[in-house]
Amino acid sequence: MHESCGVFGVYAPNEDVARLTFYGLFALQHRGQESAGIATSDGKQIRVYAKMGLVSQVFDEDSLTHLTGDIAIGHNRYSTTGSSRPDNAQPILVGEGDDAIAIAHNGNIINAEFLRQELSDLGYGFHTSTDTEVIANLILATHGKDWVEKIRNAMPRLQGAYSLTILTRHKLFAVRGPLGVRPLCLGAIDNGWVVASETCALDHVGASLVKEIESGEILSISENGIESYREEVGRRALCIFEYIYFARPDSVINGRLLYDARQAMGEELAVEYPVDVDLVMGVPDSATAAAIGYSRKSGIPLREGLIKNRYVGRTFIEPHQRIRDLGVKLKFNPLPQVLEGKRAVVVDDSIVRGTTTPQVIRLLRRSGAKEIHMRICAPPIRYPCFFGVDMATRWELIAARKSIPEIKEFIGADSLGYLSVEGLIKAVALPRDNFCLACFTGDYPIPVQLEMDKLALESVAVRRSEPPV
Ligand code: SF4
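Numbering-wise, the sequence shown is residues 5 to 473 according to this note's numbering.
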């Protein structure tokens, strides 16, 4: 399961803003590994450099040196809307002269196709297949005496999830959609301000957290300092998967360190699904904190049974069939010395399609584990996501097709326990109505019927062409 993107922005006169953005994106690499890009403005010209690849592959000294100015925005992409191709790399630049804006987007606009058609009819050209270009053109096309007014007037037309960094020739804007699905925060450095998807990126560039940007808030950052504008907010819907998996454990959301929240998920799992075993282990790295929580609550010793190759990222080299057959072996190496003859609780963050978990279990059994009891931080995922998470069609979600005992059989575990929605809410320690839980409950924060219908048709096509697992 992949999140869509990471965004970053800097306003800092006389600083090397491109380099700061590079390091910010580097810290946000986990949010998207397909492409990376930076846009800068020196007050006269906006420059953009964006390519396919990891942050460290896309930029070098030469490209950073050419990105001059006092303002920068950056983007890491995992494609959801729009296919994976170089044109779709962000930031996306539209308009010219004083009307030019560059924009970086994390989220998914569900009425993007409709808006694209409307804007095309008005004569706006599109060079990418992304919803980000739709947002950029919508802002450009919307009336308003200045950029803030244009953004404010455009926002009610955008349905879905969006956290944006926007750069004009003289200003940096940070915008978080009214639902607040994706996080966005503001930090301070000596000579200016930094905006990032997650607080971990602030830490990496030496910025101190000023605040988490509110749902429906627009920040305008310029030589006049920071101005904040707030749009009407109805229901909030922060994606609960930011807590479970997407965001880094050293990030803070809603004032809570995610490492602590994940430990609490493990503790709740230990309460809901106790079992008599010899050891607890997490599937690294995303379930490590939860495994610590399970161990602490249950009193069962924590061990490392799988070592993760930390340098496995997205590779653009197609694996040879022999390598492909090794499956998760590329990613994890088991420790038979730890597992031999042992009964283990194995904590993982989620089961989506159910393709990886059986491989992990087989790997552990081959290494001598006697019993494997899977404990999963996310409740069963039964509904697709329309807010920028590349999950699957409903047909592909294993929990939409199989009961929990059937999933247990399918993955080959001795027992299987999913954290309940109530347990999850207890672990994150905020009222339930702050969150989007739609992929567990089917209760979407905004109507998605049209998207559901479209997906249902796609699912039928998938079912016709591929037999189910
Ligand atoms: S549907 Fe699930 S993955 Fe998508 S935003 Fe809501 S909680 Fe997050």
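Every residue gets a Cβ at the ideal spot worked out from N, C-alpha and C, and that includes glycine.
Proximal residues to residue i (C-beta, below 6 Å), its chain only, five neighbours per side dropped
i                : result
alanine 31       : Cys204, Ala205 and His208
glycine 148      : Lys154 and Asn157
threonine 361    : Ile355 and Ile415
isoleucine 114   : Gln163, Gly164, Phe390 and Glu455
serine 45        : Gly73, Ile75, Leu171 and Arg173
valine 237       : Pro182, Ser219 and Gly220
isoleucine 244   : Phe439 and Leu441
alanine 301      : Sequence check: residue 301 is lysine here, not alanine. Closer than 6 Å at Cβ, skipping near neighbours: Glu271 and Ala274.
alanine 404      : Arg386 and Arg398
isoleucine 225   : Tyr15, Leu176 and Trp197
cysteine 443     : Ile385, Tyr387 and Cys389
glycine 36       : Cys9, Gly10, Asn80, Arg81 and Tyr82
asparagine 337   : Ile311
serine 255       : Glu202, Thr203, Cys204 and Leu262
leucine 24       : Val14 and Val209
alanine 241      : Leu183, Val185, Cys440 and Pro449
phenylalanine 63 : Phe26
alanine 251      : Glu202 and Leu262
Secondary structure of residue i, DSSP reduced to three states
i                 : result
histidine 208     : helix
threonine 360     : helix
threonine 203     : helix
glutamate 231     : strand
valine 425        : helix
phenylalanine 118 : helix
glycine 148       : coil
tyrosine 3        : An answer regarding residue 3 cannot be provided, because it is not within the stretch 5 to 473 covered by the chain.
tyrosine 53       : strand
proline 253       : coil
phenylalanine 63  : coil
valine 350        : strand
serine 45         : strand
alanine 433       : coil
serine 419        : strand
asparagine 110    : strand
valine 98         : strand
phenylalanine 130 : coil
isoleucine 105    : strand
glycine 372       : coil
valine 2          : Any question about residue 2 goes unanswered here, given that the chain covers just 5 to 473.
alanine 76        : strand
histidine 70      : helix
lysine 301        : helix
glutamate 344     : coil
isoleucine 222    : strand
arginine 260      : strand
lysine 406        : coil
Beta-carbon contacts of residue i that lie in its chain and below 8 Å, excluding the five residues immediately before and after
i                 : result
glycine 446       : Arg386 and Tyr387
phenylalanine 320 : Residue placement at phenylalanine 320 is flagged as unreliable, the pLDDT there being 49, under the threshold of 50; a coordinate-derived value is accordingly withheld.
leucine 142       : Leu119, Leu123, Ala158, Arg161 and Leu162
lysine 430        : Ala268 and Glu272
alanine 104       : Ile50, Leu97, Val98, Thr172 and Arg173
glycine 47        : Gly73, Asp74, Arg173 and His174
serine 18         : In the sequence under discussion, the amino acid at residue 18 is asparagine, which differs from the serine named in the question. Only Asp74 and Asn195 meet the Cβ criterion.
arginine 234      : Glu218, Gly220, Glu221 and Ile222
Bridge partners - residue i, DSSP secondary structure assignment
i                 : result
arginine 180      : Ser167
serine 290        : Partner(s): none; serine 290 has no beta bridge.
proline 338       : Leu310
serine 39         : Met56 and Arg81
proline 197       : For the record, residue 197 in the displayed sequence is tryptophan; it is not proline. Note: tryptophan 197 sits in a beta bridge opposite Tyr15 and Ala192.
arginine 379      : Val351 and Gly421
phenylalanine 439 : Leu242
glutamate 153     : Paired residues: none, contrary to the question.
methionine 285    : Val350
lysine 215        : Leu190
Contact set for residue i: own chain, Cβ-Cβ below 7 Å, skip 5 residues either direction
i            : result
serine 67    : Tyr53
lysine 374   : Gly345, Lys346 and Arg347
glutamate 65 : none
valine 279   : Val349, His377 and Ser419
Contact with chain B by residue i, beta-carbon distance below 8 Å
i           : result
leucine 223 : No chain B is part of this structure, which consists of one protein chain only.
Worksheet item: Who sits around the ligand SF4, taking every residue whose Cβ is closer than 5 Å to one of its heavy atoms?
Response: Cys243, Ile244, Phe245, Cys389, Phe391, Val393, Cys440, Ala442 and Cys443
Worksheet entry | Touch test, the region 130-138 against the region 177-184, Cβ-Cβ under 8 Å, three pairs minimum | no
Worksheet item: Just checking, does the region 54-64 make contact with the region 183-192 on the three C-beta pairs under 8 Å criterion?
Response: no
Practice prompt. Say whether the region 340-358 touches the region 213-233, bearing in mind that this needs 3 or more beta-carbon pairs closer than 8 Å, one atom from each stretch.
Written response: no
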